[in-house]
Amino acid sequence: MFFGRFGLLEVVLILFVLIVIFGPKRLGKVGRDIVQGFTSMQDAKNDNDGDGSIGGKK
Numbered sequence: 000m001f002f003g004r005f006g007l008l009e010v011v012l013i014l015f016v017l018i019v020i021f022g023p024k025r026l027g028k029v030g031r032d033i034v035q036g037f038t039s040m041q042d043a044k045n046d047n048d049g050d051g052s053i054g055g056k057k
């Protein structure tokens, strides 16, 4: 995914800090919310048919 920019040590350190800040139970919810946000953005991007209209109106 992004391991080309960050080494394994950096990724582990970031995950450790996130677990300390959010806790293991809340971290799962935060992850699901982030994935849901990305999915919504992708759906909105795919719904745009490229005609230049705003709000889906033609």
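Quick note on numbering: numbering that gives the first Met the number 0 labels position 32 of the sequence shown as 31, and the sequence is numbered without any gaps.
Don't be surprised by glycine CBs; every beta carbon is placed ideally from N, CA and C.
Taken atom to atom, the span from the alpha-carbon of D46 to that of F37 is near 14 Å. Taking the Cα positions, K24 is about 12 Å away from R31. Here DSSP, grouped into helix, strand and coil, assigns F21 to helix. For G27, the secondary structure class from DSSP, reduced to helix, strand or coil, is helix.
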